[in-house]
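Structure record follows, encoded as structure tokens.
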Amino acid sequence: MSAHIKDSCGPRKWGAAGETNQPHGRFTAKRTVLFALLAFFVFALIPLTASARKRPSRHQQPPPQGEDAVAAFIVKETGSSDFLKMKGIDRSLSPASLTKIMTCMLAIESGRMDDVVTIPLEATLVEPSRAGFKPGERVRLRDLVKAAMVNSSNDAAFAIAIHLGGSLNGFVATMNARARALGMSNTCFTNPAGYDRGIYAGNRTTARDMVLLTERAVRSPEFNAIAKMDRVVFSELSTGKLYSLSTHNKLLERYPYTVGIKTGYTSIAGPCLIARALKDGKDMLVILLHAKTDRWSLASSMFEEGFGGVAAVSSRPAVRVMEPVTVSRRVPRRKEAEPTPQTSASSVLAERNRALEALRRKVERQSAARAEEGTIRSRKDESSVDISPDQARVEKLKASLAFINCSRVGEMAFRSRIGERSMTVAHFLSTHPACVPNC
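When we follow the numbering used here, the leftmost residue of the sequence shown carries the number 11, and every step to the right adds one.
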């Protein structure tokens, strides 16, 4: 027995192949079970580790949703001067393919919808989306308008522009002239399709201006008939080649009261949408610019909210009014009063004139009373300046008059605050150099 114990507890004898001569099946089974358990735990931990990496930290802000994810929007009844909802309405943004509303409206207004257009080479070289026209093909202007509005075909928009304007630049000049005539004071077009990068880039507008354009366009029954189409089919006139193009406007199938109008998208502008809906005798518009969210769901909810009777707010920009300053030994700081949104420019100007007249009379009385004092000490930036009473009176009147003495050139400067930003003619042109030749 002792020999058996010694033999079993002694060192193992290895064979030529490097294996023990002792039976080892039970040890192999244990190792297999251990490896299996280890592999199970490793593979079970991998998805947990990945999800932990993807989980945002407590300090990370979630991405904006709904209205917060839209740079600018307007909800309003067509023809009303007030807005039901609005945000960033005077913010200068790229309209993307919403530009084609102007292009197609001008084509309809030209009265030449039955013209036969020979597709120019330049129109076929533009980037998608395209209908796929070939140089020299002959298509009616009406079918090009349908392709541009429904399918957002850039080649169709360029063909329209070159045919009606004689050249691309000629048509762009017409676009800008029409924009000015409509009162779209913060809009500049550099191409008929909506490009915001490359050699044609430069289109800029605001939500407020797009309302003016859209409400003018929907006066045309032909425009409205085209704007609500979900598919267009037409033939090339020389060969009979068939074109069948579909809409990108998913709101037509998602919201039953929708009657058009236009979608837009670029990597810079993001998803854009101008939509119109009719319900219970109401005609409603929704404008969405740079909507980093589901624009179809958001537009649907905005329509429902509008049809539900949201209280309207004034669409007029708020005006900041400076209170008059009286002349004294120590000039007090000016105080700013924020008027209500309903304040009109004419009422502000009338109130301003009354305040200035009262200031003038008060200055004259104070000046006469202090004439014997010799000088009036005015404090500015911790330094003193000696001036005569008459000079002080003149300087203070000049300072008070400066607010409204900005002439006709500063019409937008008089309004001072347009939505979220200050906008003057000089600032607009300096930030939109491409507009200088055409706008």
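Idealized CB from N, CA, C, for every residue including glycine.
In this text, all values refer to a predicted model and were calculated from it rather than measured experimentally.
Range of the contiguous alpha helix (DSSP H) that encloses residue i
i	result
Ser311	Arg305 to Phe317
Met115	Lys110 to Glu119
Val221	Ala217 to Ala227
Assigned secondary structure, residue i (DSSP; H/G/I helix, E/B strand, else coil)
i	result
Lys76	The question names Lys, but residue 76 in the sequence shown is Gly. Of the three classes helix, strand and coil, the one that applies to Gly76 here is helix, per DSSP.
Thr126	Reading off the sequence, residue 126 comes out as Val, not Thr. Strand at Val126.
Leu47	helix
Ser107	helix
Lys97	strand
Leu359	Residue confidence for Leu359 is low, a pLDDT of 45 falling below 50, so the modelled location carries little weight and cannot support an answer.
Phe424	For Phe424, the predicted model reports a pLDDT of 33, less than 50, meaning its position is unreliable; a value from the coordinates is still stated below. In the structure shown, Phe424 sits in a helix (DSSP, three-state: H, G or I).
Arg343	Residue confidence for Arg343 is low, a pLDDT of 44 falling below 50, so the modelled location carries little weight; the figure read from the coordinates is stated next. Note: Arg343 maps to coil in three-state DSSP.
Ser394	Interpretation of Ser394 is limited by its pLDDT of 37, a score under 50 that renders its predicted location unreliable; no figure is taken from the coordinates.
Strand pairing of residue i, partner residues [DSSP]
i	result
Lys86	Leu295
Arg214	Cys198
Asp206	Per DSSP, none; premise fails for Asp206.
8 Å Cβ cutoff, residue i in contact with chain B
i	result
Asp125	Checking the listed chains, one finds no chain B in this structure; it contains a single protein chain.
- beta strand (DSSP E) runs contained entirely in the region 231–314, provided each spans 3 or more residues: 241–245, 252–256, 268–276, 280–289 and 292–301
- Residue ranges of each beta strand (DSSP E) within the region 122–203, 3 or longer: 126–128 and 148–150
- Message: Under 8 Å, with one C-beta from each stretch per pair, do the region 266–274 and the region 170–183 reach the 3-pair mark?
- Response: no
- Message: Quick check: the region 230–239 against the region 267–287, are at least 3 beta-carbon pairs closer than 8 Å?
- Response: yes
- For the 8 Å Cβ check, are there 3 or more pairs between the region 194–213 and the region 250–260? no
- If we count Cβ pairs, one from each stretch, closer than 8 Å, do we get three or more for the region 70–82 versus the region 94–103? yes
- Message: Under 8 Å, with one C-beta from each stretch per pair, do the region 129–149 and the region 222–232 reach the 3-pair mark?
- Response: no
- Task: Say whether the region 80–92 touches the region 201–221, bearing in mind that this needs 3 or more beta-carbon pairs closer than 8 Å, one atom from each stretch.
- Result: yes
- Query: Counting Cβ pairs, one atom from each stretch, are 3 or more of them under 8 Å apart for the region 100–112 and the region 275–282?
  - Reply: yes
- Any chance the region 147–161 sits against the region 180–193, with 3 or more Cβ pairs inside 8 Å? no
- Would you check if there are 3 or more beta carbon pairs closer than 8 Å linking the region 308–321 to the region 286–299? yes
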